[in-house]
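**Q** There's a structure below that I have some questions on.
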């Protein structure tokens, strides 16, 4: 059974940084394009950053230049480095395949940006 376990979130001041991790169980990680998503209160879940099996990355407009996605296929782990955080980045962050829909969502990790 495939599970996504996100970690690394927290409370940070504007301009701060966090590094999120996603541990993926099951032997599927290296076979799928992956992505980070986020959902702010009252909003739909949105795509933030994607990474292909070979490591090509794409970022949503508002995070471009501030967030960095990377993957370690030997450890079945996905990461998201969040720099220059803004209050608008406050959300629950999730990882999943890209596109999603094949495997259930994890619980996510809460990122709160506030002074």
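Numbering (this note's numbering), first residue to last: 7 to 121. Virtual Cβ for every residue (Gly too), placed ideally from N, Cα, C. Here the structure is a predicted model, which means the values were calculated and not measured.
#1: What would DSSP say about residue 52, mapped onto helix, strand or coil?
#2: Quick one, which of 39, 96 and 18 has its alpha-carbon nearest residue 51's?
#3: Which whole runs of the beta strand (DSSP E) in the region 29-98 are 3 residues long or more, in chain order?
#4: Does the count of Cβ pairs from the region 99-117 and the region 15-30 closer than 8 angstroms reach three?
#5: Would residue 75 be called buried (16 or more neighbouring beta carbons within 10 Å of its own) or exposed?
#6: Give me the Cα-Cα distance between residue 135 and residue 121, rounded to the nearest whole angstrom.
#7: So residue 13 is in the beta strand (DSSP E); what residue range does that whole segment cover?
**A** Concretely, from the data shown:
#1: In the chain shown, counting from the first residue as 1, residue 52 sits at position 46. In the structure shown, the three-state DSSP call for residue 52 is strand.
#2: Sequence index remark: in the chain shown, residue 51 carries index 45 (1-based). It is 96.
#3: 40-45, 52-57, 63-65, 73-78 and 83-88
#4: With the rule of 3 Cβ pairs closer than 8 angstroms, the region 99-117 counts as touching the region 15-30.
#5: Numbered from its first residue, the chain shown carries residue 75 at position 69. Label assigned to residue 75: buried.
#6: For residue 135 there is no data in the structure shown, the boundaries of the chain being 7 and 121.
#7: Reading the chain shown from its first residue, position 7 is the one you call residue 13. Residue 13 -> beta strand (DSSP E) spans 10-13.
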